[in-house]
Structures are given as structure tokens and as C-alpha cells.
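Residue numbers (our numbering), protein chains in the order written: chain A, 464 to 647; chain B, -2 to 377; chain C, 24 to 322; chain D, 100 to 342. Below is one structure, written out as C-alpha cells; the observations come after it.
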């Protein structure tokens, strides 16, 4: 089955240029595709190969490469395999095409990515704020946003410094645990 | 705001009005909100409003060690936390190439099914309460508590066990645990007819739930519905069987389906799954003593553990539907990116908005509870 | 009967009704708890709740009509209690009769509607419109049962009805004389008391407890008091019409508590009906049974 | 952020200002009301965080809170206790404050879970508020992640005994130190943060005005005063964008 799938997918994807194809296990396939060819690939997968279920769209912020990686995980109920289509788009201006016309669940994921990473999806039905309606900072999931620094700047903690902690610190600090007591 | 500024808003006379449904509302599961526009009793438009439970999990996980995140992940879905741990551990094992011992796999399956039982009891107890039948809720939550007792014995935690770690599980099964679990299953099985009589075959409930929030199989597939909600439309699909993980391919169980696709069908599927979970647990109890071996594979010092670079997409079947983790590692001691695909991110937002259209005010809560939507999965 | 005796009775009857009603509320909560495998509230819980609500520092009123509405709700029942004969006290029962009682028992719902309307909370408005619809639903069988009983006894005077039944012992009870009407009354009783499956107008999961949504402090306390009266009135009226009323408190109390306990126990086993199902059910079975009972009674 | 160091944590019960109690039975009535308040606590049915999962067990058959007279209530108008069950995201905190101000005094706040004490395990999260008592006067904290139902009930009993003895007067602090709480709220939500409830007028009504009620932060209320607007509802956004 898995071998057939491989050949079959090879045939299917052969006519798309700029594509790398890698089988990770019998039910997981990784496809690397250029950003311009991705909608066509998904259309092929859905129309000709019964990959009707969009499991998720993940976004990864590769800040050093100045790129966002978008990963479309699609699942076929018939061949029982999952294709992860990876594509990369430049970080600036961070605009890409929506696949809402192919997969309706994309609306949620695209809205979420827009909110968390600031990637705009053209043609998506709803790009309004959803989770972060009361947040006016930068998109928080971008790597340059430092949550800890933000918290230190905006919140104050309870000053908790009880006597037993002071005593411990006088003794040199830290709690000692013998190696045999460490349990996972 | 001063009282003299309270002004009645002048509105054109109309039958239509807007109503905030949540976040502080007993018809909402968790902390979540709806804005609905009604014409009389009928919903014209509905719009979900999430983010009340947003903690920025995915961001937090990027700032913590691989092993620290184990404590973080179960918080993403409170009623059904174990699949979260397992799914995250599976992803790390796939990236790190860890070989999980056989015994650990069986213990994980046991835990997953216990968690499913608990979550389903909670879910239909909640649904019963929205229709005014509090007795079922009292019974369901109390019976769930007995499962939590077994969790406490096994893992030390009632709700959040933090028991699965990459490479296996934290502790072995205590002595006599399987016997106690077995007697608990006997008890639960003897309770099922009571639940049937009280709730699932209660004519008033059947009348209330039939046809509420109904969707066809095509719609369900188009909207990305998964789990029991998809099976209620007649599609026999279960990640446990069709994309097997752990040892589910060695277990014998059925996948219950219903054809109605409405609130009633979804509840009946959950009811049938209770039985299947008990069946799986019995098989585990039978097989587990004969499987010797370690309960986890050796992993490096977890506080200085660099998981090799790679990425993995793992899926498990939680009680709500398909749960998936996408984990990316760049070889550091912390994950580079973790993306959580909670099943409710579909059910609680798009599916609920669509099913609510044309429904009646008294059915919104039923639709939400019958979809078993879990808001923290949306908000993360 | 001289005036001072009447005055004392008028004062005492609502008070007695309130105390018995507190016991009924406690019983209701205990039954719910026992069916849910719980222990339930302590003995004095209903009175704790009411005193606490009246003792709140903030009492938010939404205007005069809001207050009048609650007064009407409680006052309507207080008036009803004086029309209901209990052992040893007849109050106004001789003068009023069962028709006045039926009218007076509608006042609380209308008062609630007024008060809730003033609050301008959409949940409350939806709730009260549902409550009035439910009243429409149960009033048909309710009136039918009352008229049937009055026809059979040949009088609308509740004191006379009790006397007629007691002359003949248990066989003279309305339950024996007109079982169909008694059955119709029993079917309508949960709706009169506002319990499941006929309580969609206070459904918390849909409209956040409907009419009560803006009630707080003493207004909520007023509604708690009203609930005591409501249960008491339903129990006593049914006992008077069909179970021979009471000659002595020692036989009267078990009867009224039993009458209230039966719908209570059934209520915890059912979810709520939708409003239109309430009407359909109420206009179908209790009305049908009641009409048959009426036909049998008229021959 | 202003500090509360110079303010005692628990108030001695003060006589209601401006009203002389001449009735000798007044004391008895007060005691009775206090007792009933401690024996009848309605808690608001609002799951603000993950600690809410331990409330159904505490309410239902196993632990049965109704034994102690505690029962859930649906609207803030009827509730005595606001349970903050776990971390509060900033979006939720706004709703919590609105809810708290709509509750009828005497009212009590219970912070459940470690997250309400100091942010808990979400200490580095940009989306959650850390110290709950900066924004609302908290009567009882129940620590743990998450506290077991027994712990929740024991915390409730603690509050009951506090109410009975008259020590639980923290709701008055909200009126007396409104400027402090409002300042912290404004720091988080922005200068133009306002709630529809007029706390200052209520404080005047109850005779709870102190020199800490008004201050620089309450002055901003006047500055940013705006008419009460209905919550924005953009249902048709989807269609609009499509066209």
C-alpha cells in the first residue's frame, strides 16, 4: 500500500515543477514546494487524490532566513495518509494566498496565523482579530517578540521573600537533592 | 461612567435584537462567548468570540525546556488532558528517534482510555445540565471522580497527571492497581443501563435533542469536523484505527457510528464509545501483566537535552476529535515551534457558527455541549 | 365570626403558609439532592437564603414598577393564602370561593411580567414571555379541573367542598369521586409549580434564569418567598379539591407535602420541554383527561 | 503601580458611617444577618480558568457543597462570591471587573489556583494578569495547581468563619481604595478604561469615601468620560469583506 502510494503520488506530482518529495513513514509524506505552486498542489491533492481533510496549517517563523514556513497538513480518508506540504514565503511583506476555496477549515487557521504572526492571507473570508481582540502589541508569535521582557516591563510580581528563603540564602542558597533522590 | 450618562439607545423598532451569550453564562462550556442576533427565538447570525483563555502556550513552550513543557501541555484541554501529553511525547520521540518500550505503550493506552471515559462522562453530564436534567450531571461527574481516583493512584495527580514523558511513562503501575481498575470498570458498566434509562432513552431528552444542530456527512467533511462528531454523521473513521499509534493496532474494538448527525446522535456515539473504552481497558488489564520490560527508554539528562533537528506531525484521537501537534526542533534544548491543532478549534468556531444559524435560542447551549467544544483548545 | 378573629386569621394564614412553604422548598431541594446521590442542604437553609438576601447592603432597584412587580408577585399569593381554608382557619374562603382564587393566582405572573419588563434585560423579557406562554398552557387544564370539581360538588365555596368530602370519609374524596379530573390536575401540577419538564422560562443555560436575571437582594428574596407560597398554594388547592382537605393539621400536612413531593420527584428525572411542546402537551393530555372527567361527571 | 503597604490587610469592622444604631436589637439583627450570610453563599457560575474543572466535583455528589449552603448562581446580581478559578487573561480580567462591580455588596472574591497569586506557571505569558489582588480585593486565596475539591471547600469554610466573625470586610476596601485599584486597572487596560458602574457614587452612598477613594486615576474617569455604548457587534463583517 505504502509503495503504491509512493508511485501514485510520484505520478501525480510529477507534472508540478519545483517540488521535492520525501516519504517519512508509511502514512506520512513530506512535500516541499515553491510558494507559487502550492495552491495547485493542494488542488491536485484534493481533487485527484481525495485529500479532503485539512488537518492544520502550521506557521514557523524562520527569523534568520527572513522567511515564514507554512505547512499544510492534509489527510486522505481513503488512502489513509497525511501529506505535509511545506512552503516558504518571505517575511516581508508576509502576504500569501488563502486556500479557503479549497478547504473551509483554512479560515480558522489563516485567521489565527494572521493574528499570531501577522501573515495576511488574500482571499480569506475573515481576517479580523479573534483571540487577541484586546491586544495592540506586535503579533506575539513572531520570534522577535520577547514575552518575558514584555512581562517584566508591564507586570509586577508579588514580592515574596519569606524568612525560610532568607535563611536558605544565608546558608549558601539552593536546595540540595542527593542524586539517588532525583526521580523522573 | 456617571449615571447621568446612562442613556437609552434609540433603536428603530424591529423584531431583531442582539444578545451576548457568554462569557459569563451557564450555557457556555468554559470561558467563551457568542454574540447572536435573534429574530424572536431564531438565530439570524452568530459570531464566536474567543481568547478569554488565551495564555500564549505556543509562545511559552518556545521559552522552556523540552521536558518542562510536559507540565504545560495538559493545560491546553482541561477535561481531557492525557492525549495532550501523549501527543507531545510522541512528537518528541519521533524527532529524537526514541524507541518506546512495549510496556510503556500499553500503560499509555490504558491512561488514554481512562481519560476518554472521564471526558465522555463529563461531556454528556454537561449536556444534560443544559437541558435542565441535573441528576445526570450529578451522576456523571461523581462517576468521573472515581476514575480520577485511579488517576491519582497511578500518577499522583487528579486532573493533570504529567505522567507521560518522552521515552515512556514516569512510574510503573502500582501493585493491585489493575484489580481496582477492573472493579471500577465493572461498576461503570453496571451504571450504563441507569444512564440509558435516565438520559439516553428519556423521551423528553430525545425530543429536545433530535434534529438539533444537524449536519450531513458532506458538510461535516467540508467543515473539518472530526472525532465523535464526525462519526455521528455516519463516517466510520477513528485515528486510533486508521492512523494507529502506540498499540491500538493490536487491540480489538469497534468504531460506533450513528447516522443522524444531530445532538442526539453525537451523544449516542459517546455513549457507545464508553462501552468500547471499557472493552479496550479490559484487554489492557489482561495483557499488561504479561508484558515485561522497562517503562521508559533511557534519555539524556532532561535538563540539558538537545533534541536533534527535525520536525514531526503527530495525531491522536482525543475524546473531542483529532488532536495534532506539529513540533519543530533545530537541535536546541527548547522547541523551536510547537503548533497545537485542538479538535475544538474547528468545532467551537466555524462549525458552531454554522450550526447555530437558524437554530433557536434554547438550542445554542445544546449544540455547543453536544459538539463537546473545549474553548481552551481554541485559545491555547 | 367577629372582626378581630378574622383579622388574626388573615394575619396568621399567610404566616403559616410561609412556614409550611419553607418546608416544601427544603423538601424540594432534599429530593433533588437525594436523587442526585447527594446529602442536600441543612434544615434551615431556605430561611438562611431569604434572610441573607434581605440583608444585602446593595439593593439595586430598576424603578418603581420593578418594586411594584415584586410586591404584586408576593401579594398575589398572600391574598391567595387567605382564600385557602386550612384546619381551624377559614379566612375569606367563605366569601371568595374557587373562582376568585383562580384569578388571584394569576396576579403573581403578571406582577413578575411588570417588574421584569422594567429591568429591560432581554434575557428577562424572553423569560417572562415564555412564562406567560407557559401560564396560558397550564391554565386551560387548571381551570377545567377547578370547574369540573365545582360542578361535581355543586359549590365554589372551598370550605363547603371540604365539608362535603369529609362527611363521607375517604370514599367521599374527590380522588374517588372523579379520578379523571384528579389525574388531569396531577398532570398540570408540575406546570403550576414551575418545575421540569415545564420550566423552560427559567432555563439557566439558555436565558440565564430568565425573569430572575436582574433580581437581586430583597427582590430575589421576594421571589424566594413567592416560591414558598407557590408550592404551598398548589399543594393545598389540590388537597382541598381532591384529597378531602384537612380537618386536623396532623392529617393535612402529610397530604399537602405528598402532593408537592410527587411532581418534585418526577421533575428531577426530566429535562425541559420547549415552549411549544409545553403547550402541545398541556393542551393535549391534561385537557383530554380533564374533558373526559367532566363528561363522566356530567353523565 | 501604587503600593498597598500602608493599608492594613484586614479591616476591623467599622460602624456604617452616618447612621446611628439606637435600636438595642440592631446588634442582634446584625449578628443574625452575618450568620445567615455565612451559611448561605451563592457563588457566581463563571469558569474563568482551568481550576473550574474541580468545581463540578465539589458541587456534585461526591463532595456536595450544598451541605454548606453553597450553591451556584447564574447572574452577578444574585451572587455573593466571585470565584476566580485560575489564571486570568487580560481579556477575562476586564469581564471579571465588570462582573465584580455589578455584584451586590457584601461580596467576596476567592482566588483559586496558584495563578491568581502570582501568575503561576504562566509567569512569562504576555496574555495573563499576574497578581489578582492588584485589581480586586481578594478575601481568600486557595493555592494549588489545581486545588482539590477538599481544598476548595476548606477555603470556603475559611471564608464562612471570616464572614461569621465579621472579619471579611474586604469588599469595603474596593470603595475605600478605589483610586489604587483603578490605577492598576488603567495601567493594564489603558487610560480610558471605564466601567458602567459608578463606584464613586456607591462609595458615597455607603459612607465609605476616604481620601484614597479619589485621586489622580479617578480624575481620568472624568476626562475620558464617554456615553455608554453598546458592545460593538460586527456580525456582518464577513459579508462586507467578501463584496
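Note that beta-carbon positions come from the ideal geometry of N, C-alpha and C, so glycine has one too.
Check: Alpha-carbon spacing of residue 96 (chain C) relative to residue 80 (chain B), whole angstroms; Outcome: 52 Å
Check: C-beta contact flag for residue 366 (chain B) and residue 123 (chain B) at 7 Å; Outcome: yes
Check: Limits of the unbroken beta strand (DSSP E) element including residue 36 (chain B); Outcome: 30 to 36
Check: Neighbour flag for residue 553 (chain A) against chain D, beta carbons, 7 Å; Outcome: no
Check: Interface residues of chain B facing residue 173 (chain D) [CB-CB closer than 7 Å]; Outcome: 23
Check: Closest residue to residue 256 (chain C) among C:213, C:157 and C:83 (Cα-Cα distance); Outcome: C:213
Check: Distance between residue 308 (chain C) and residue 58 (chain C) (C-alpha atoms, nearest Å); Outcome: 27 Å
Check: Coarse secondary structure for residue 291 (chain D), derived from DSSP in three states; Outcome: coil
Check: Residue 219 (chain B) in three-state terms, based on DSSP; Outcome: helix
Check: Min CB distance residue 359 (chain B) to chain C below 7 Å; Outcome: yes
Check: Three-state class that DSSP yields for residue 242 (chain D) in the structure shown; Outcome: coil
Check: Cutoff 7 Å: residue 226 (chain D) Cβ touching any chain B Cβ; Outcome: yes
Check: Residue 321 (chain B) in three-state terms, based on DSSP; Outcome: strand
Check: Contacting positions in the segment 480 to 511 of chain A - beta carbon closer than 8 Å to chain B; Outcome: 490 and 491
Check: Local Cβ density within 10 Å of residue 146 (chain B), reported as buried at 16 or more and exposed below that; Outcome: exposed
Check: For residue 207 (chain D), the residue or residues it bridges with in DSSP; Outcome: D:180
Check: For residue 127 (chain D) and residue 285 (chain C), the rounded distance between their alpha carbons; Outcome: 40 Å
Check: 7 Å Cβ cutoff met for residue 203 (chain D) and residue 81 (chain C); Outcome: yes
Check: Option nearest residue 606 (chain A) by Cα separation, candidates A:578, A:588 and A:525; Outcome: A:525
Check: Any C-beta of chain A under 7 Å from that of residue 285 (chain D); Outcome: no
Check: Interface flag, residue 536 (chain A) vs chain B, CB-CB below 7 Å; Outcome: yes
Check: Whole-angstrom distance between residue 535 (chain A) and residue 339 (chain B), CA atom to CA atom; Outcome: 15 Å
Check: Inter-residue Cα distance where the pair is residue 537 (chain A) and residue 297 (chain B); Outcome: 34 Å
Check: Interface partners of residue 241 (chain D) on chain B, CB under 8 Å; Outcome: Those do not exist, as residue 241 (chain D) stays about 15 Å from chain B at its closest Cβ, beyond 8 Å.
Check: Continuous alpha helix (DSSP H) assignments of at least 4 residues falling wholly in the segment 183 to 259 of chain C; Outcome: 197 to 200, 202 to 216 and 227 to 230
Check: Per-residue contacts from residue 219 (chain C) into chain B (C-beta, under 7 Å); Outcome: 129
Check: Within chain C, the residues that residue 205 (chain D) reaches when beta carbons sit closer than 8 Å; Outcome: 79 and 80
Check: Against chain C: residues of the segment 191 to 208 of chain B by CB proximity under 8 Å; Outcome: 195, 199, 201, 202, 204 and 205
Check: Exposed unless 16 or more other CB atoms sit within 10 angstroms - verdict on residue 110 (chain B); Outcome: buried
Check: Beta-bridge pairing of residue 626 (chain A) - partner residues as DSSP gives them; Outcome: According to DSSP, which records beta bridges pairwise, residue 626 (chain A) is partnered with nothing at all.
Check: Host alpha helix (DSSP H) of residue 253 (chain D) (start-end); Outcome: 248 to 264
Check: Residue 33 (chain C) to residue 27 (chain C) span [Cα, whole Å]; Outcome: 10 Å
Check: The segment 297 to 307 of chain C in contact with the segment 202 to 209 of chain C per 3-pair CB rule at 8 Å; Outcome: no
Check: Exposure label - residue 377 (chain B); buried when at least 16 CB within 10 Å; Outcome: buried
Check: CB contact check: residue 556 (chain A) to chain D, cutoff 7 Å; Outcome: no
Check: Neighbouring residues, chain B, relative to residue 542 (chain A) (Cβ below 7 Å); Outcome: Near residue 542 (chain A) there are no residues of chain B at all, since even the closest Cβ is about 10 Å away, more than 7 Å.
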